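Novice: Residue numbers (the numbering used here): 227 to 280.
One structure, as structure tokens, below. Some questions next.
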Amino acid sequence: MRVIDAHIHIQPFHMMKPDVQRAFWQNKGNRAELEALAEEPSKLLRQMDADGIE
227 MRVIDAHIHI
237 QPFHMMKPDV
247 QRAFWQNKGN
257 RAELEALAEE
267 PSKLLRQMDA
277 DGIE
């Protein structure tokens, strides 16, 4: 039986220092999607379910 245990940390984007924000958002075309996932845990869970993550 294969078991994987993982967790993620989500820091609110507005708490990032400006230099970190600029580096983080550079070359990301899905900012609105990522912000929505970070703001609403239920959206994150639905996305994880859609991706087959249990």
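Glycine residues also receive a C-beta, built at the ideal position from the N, C-alpha and C atoms.
Keep in mind that this is a model prediction, so the values were computed, not measured.
Which same chain residues, not among the five before or five after Glu261, have their C-beta less than 7 Å away from its C-beta?
Specialist: Contacts found: Phe239.
Novice: Which stretch, first to last residue, makes up the alpha helix (DSSP H) that contains Met274?
Specialist: Looking at the DSSP string, the run of the alpha helix (DSSP H) that includes Met274 is 267 to 276.
Novice: So, are the CB atoms of Leu263 and Gln247 less than 9 Å apart?
Specialist: In this structure, Gln247 does not lie closer than 9 Å to Leu263 by Cβ.
Novice: Short check: CB of Leu270 to CB of Ile236, under 9 Å?
Specialist: For Leu270 and Ile236, yes; Cβs fall inside 9 Å.
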